[in-house]
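These notes are about the structure you will find just below.
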Amino acid sequence: MKKDYAYAIELPYWQAPNDYVHIESIGDSLIISFPLWRASTKYSRFKGVVEFTEVWATRYERNKDRRYYTPCGENDFASCYWVVPVSSWLEKLENERTEHFTDWKLYDSGTYTHYIVQSHDFYIEIIAKKITISRKLKK
Numbered sequence: 015m016k017k018d019y020a021y022a023i024e025l026p027y028w029q030a031p032n033d034y035v036h037i038e039s040i041g042d043s044l045i046i047s048f049p050l051w052r053a054s055t056k057y058s059r060f061k062g063v064v065e066f067t068e069v070w071a072t073r074y075e076r077n078k079d080r081r082y083y084t085p086c087g088e089n090d091f092a093s094c095y096w097v098v099p100v101s102s103w104l105e106k107l108e109n110e111r112t113e114h115f116t117d118w119k120l121y122d123s124g125t126y127t128h129y130i131v132q133s134h135d136f137y138i139e140i141i142a143k144k145i146t147i148s149r150k151l152k153k
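According to our numbering, the sequence shown is numbered sequentially starting from 15.
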């Protein structure tokens, strides 16, 4: 696999492409919710929810250079998120942590993954252990 290449994973719901997401951070969880479409330009009564747990790090960027991303449309996906299996950002975080806590992997078991979620023209990048995708009725 290519280093720092983001692979598109189809979302089970149609994220409204021109809307921004809502981000909520609680402890080591990050919850991203967004409007859904039921048909092109027709909003659903549901919102999509992507919850990351055991979050290590996040970053938020605008106008990201997408040359190493697979755009959702290239895979015929209405909506997607991305996974970076070989991430230099995650590698850097692990190296920094090892410098200060050489035995951290003894008490922090499990595997961290580099995820990317789009919010209109922003990209939210998350290093976390778990991801859960669902939808909820809007209030």
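Glycine included, C-beta positions come from ideal geometry on N, C-alpha and C.
- Ranked by Cα distance from Ala20, the first of Glu110, Trp103, His134, Lys143 is Trp103.
- From the listed residues Asn32, Leu44, Tyr27, Lys17, the smallest Cα separation to Lys144 is found for Leu44.
- In the DSSP annotation of this structure, the continuous segment of the beta strand (DSSP E) that includes Leu151 starts and ends at 136–151.
- Following the DSSP letters along the chain, one finds Ser102 inside the alpha helix (DSSP H) bounded by residues 102–114.
- Three or more Cβ pairs closer than 8 Å define a contact, and the segment 103–113 falls short of that threshold against the segment 30–37.
- In the three-state scheme derived from DSSP, where H, G and I count as helix and E and B as strand, Tyr121 is classed as helix.
- Put simply, of Pro49, Thr112, Ile23, Tyr137 the residue whose alpha carbon is nearest the alpha carbon of Asp90 is Ile23.
- Beta-bridge partners assigned by DSSP to Lys56: Ala53.
- Look at the beta carbons and you see the segment 65–77 touching the segment 128–140: at least three pairs across the two are nearer than 8 Å.
- Exclusion of the five residues before and after Lys17 leaves Val100, Ser102 as the residues of its chain whose Cβ lies within less than 7 Å of its Cβ.
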